[in-house]
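Below: the structure, in structure tokens.
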Amino acid sequence: HAKQMGGNCFKFYSADLPDPKVDRLHLENELRRAIAEDQLLVHYQPKLHLTSNMITSAEALVRWQHPVRGMLPPADFIAIAEETGLILPLGHLVLRLACYQASRWLHQGPAAIRIAVNMSVQQLRQPEFSAQVADILREARLPANLLELELTESMLLEQSAAVTANLSALQDLGVKLSVDDFGTGYSSLAYLKHFPIHSLKIDRAFISELDDHSRDSAIVRAIVAMAHSMQLQVVAEGVEQESQLAFLRTQGCDEVQGYLISKPVSAEALTQLLERRHRDSQRQLAGRAQRS
Ligand code: C2E
Ligand code: MG
Ligand code: MG
Ligand code: MG
């Protein structure tokens, strides 16, 4: 087809099809403006602690309230943010918003919730990163142990001085570190020896096809056993079905997260969910006291 069009084929393409380069530049400029103009917001997905049946933490997940395209998920803009370096101001913004929200839950109620924030390796490569975290915690009046940073296996395998220095400074601050999407990255577990990891989040890929006969159930069982023998907490992500929850309970998984418990929701919606759960548990306690 292009050949038939002869010399005009370039014009043909540029007129009728979006040029991916122009598109990306446009998106980059829009994202830069979005960061400056408060179009980014954070939704929160609770994690349920199984033995206490309490919501003890929540993960911060960024959203873009686009003026024309509506609410955009991270899949639509994190890659371009990583490529352009905009992930640094974006990551800083998400960290601040999440810490201020966790501080509100702590100081104004209904409950102290640990907040987990997803990291980009570019943030950890910034020599001043751990000092920035300390500043945010102080300004937000949030104790360091109520902040958790979700890292990936590849970040922990990076042999960079800045990353290593940041991780040990964060440990000294008292910030918790967890490994996200555990099991999908590298087969080396050497980093578990070197870094002060608090918990492993088993990737959704192993949870979604869980049933007693699958290989996934053997993998999950093995991860839980290994984590517990190293005094690490285990979280399962992407729990959608009661049968998955039941299996994870029998395996002694510490926390679960997924649509079965709650989708990621606005801060206001999570506040209401926490208040409702708090009232229900008070009522149960009162009922128990009356019966005894
Ligand atoms: P992630 O950290 O592994 O987060 C889990 C993703 O799975 C979230 O998608 C969440 O909404 C989704 N999810 C949770 N439970 C279920 C479930 O039961 N079923 C299914 N099908 N999905 C579930 P989301 O919010 O679209 O985020 C996607 C990814 O974007 C995150 O994966 C994380 O890697 C990245 N991300 C999100 N926020 C940030 C951020 O502030 N900074 C950075 N660097 N990355 C972020
Ligand atoms: Mg995560
Ligand atoms: Mg994850
Ligand atoms: Mg994931």
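Taking full-length UniProt numbering, the leading residue of the sequence shown gets 655, the next gets one more, and so forth.
Glycine is no exception: its CB is placed at the ideal position from the N, C-alpha and C atoms.
Whose CA, out of the options, lies closest to the CA of residue i?
i, options, result
"Y698", "F731, V716 and G906", "V716"
"I915", "D677, H680, L702 and V696", "L702"
"T904", "A879, E736, T925 and L928", "A879"
"C907", "I877, R933 and E894", "I877"
"L928", "L760, L778 and A788", "L760"
"E812", "Q776, N799, K675 and K917", "Q776"
"C753", "P918, D789 and D826", "D789"
"D834", "L749, Q887, R678 and R875", "Q887"
"I769", "A921, S883 and D857", "A921"
"F783", "Q762, V874 and R750", "R750"
"N820", "M773, S842 and F860", "M773"
"I861", "V771, L899, Q936 and L694", "L899"
"residue 1020", "L740, A881 and A816", "Shown here, the chain extends from 655 to 946; a query on residue 1020 therefore has no answer."
"L726", "I873, V771, Q693 and V748", "Q693"
"Q885", "P850, E863 and I873", "P850"
Out of curiosity, what's the CA-to-CA distance linking residue i and residue j?
i, j, result
"residue 979", "S757", "Residue 979 is absent from the model: the chain starts at 655 and stops at 946."
"residue 950", "H852", "Shown here, the chain extends from 655 to 946; a query on residue 950 therefore has no answer."
"Q938", "R931", "11 Å"
"Q755", "E802", "14 Å"
"D870", "R792", "42 Å"
"A766", "N707", "15 Å"
"G661", "E736", "Caution is warranted here: a pLDDT of 47 is assigned to G661, below 50, making its placement in the model unreliable, and no coordinate value can be reported."
"T710", "K855", "15 Å"
"A794", "P743", "18 Å"
"L831", "S946", "43 Å"
"T705", "V889", "13 Å"
"K665", "F901", "Its pLDDT being 46, under 50, K665 is placed unreliably in this model, and the value from its coordinates should be taken loosely. Roughly 59 Å between the two C-alpha positions."
"residue 650", "G745", "Limits of the chain in this structure are 655 at one end and 946 at the other, which puts residue 650 out of reach."
"T806", "S822", "16 Å"
"A674", "R686", "Looking at the sequence shown, residue 674 is not Ala but Pro. Between P674 and R686, the C-alpha separation is close to 18 Å."
"E691", "I734", "18 Å"
"L810", "Y845", "6 Å"
"S808", "T838", "10 Å"
"S814", "D934", "48 Å"
"E909", "E891", "9 Å"
"A714", "I689", "16 Å"
"P721", "F731", "15 Å"
"L800", "L827", "11 Å"
"L796", "S868", "42 Å"
"Q780", "A798", "20 Å"
"F836", "S897", "21 Å"
"A859", "R942", "40 Å"
"residue 956", "P764", "Here the chain comprises residues numbered 655 to 946, so residue 956 is not present and cannot be evaluated."
"S842", "V893", "26 Å"
"D865", "A881", "21 Å"
Strictly by DSSP, which residues pair up with residue i?
i, result
"F836", "I856"
"M725", "Q719"
"residue 947", "What the structure shows of the chain is the stretch from 655 to 946, and residue 947 is not part of that stretch, so it cannot be assessed."
"V919", "Y698"
"K830", "E802"
"V910", "L702 and A890"
Every unbroken beta strand (DSSP E) inside the stretch 860-900 [3 residues or more] = 887-890
Shell residues, 5 Å Cβ cut-off relative to heavy atoms of ligand 2 = N772, E804 and D834
key: Uninterrupted alpha helix (DSSP H) stretches inside the stretch 733-770 (no shorter than 4 residues)   = 741-762
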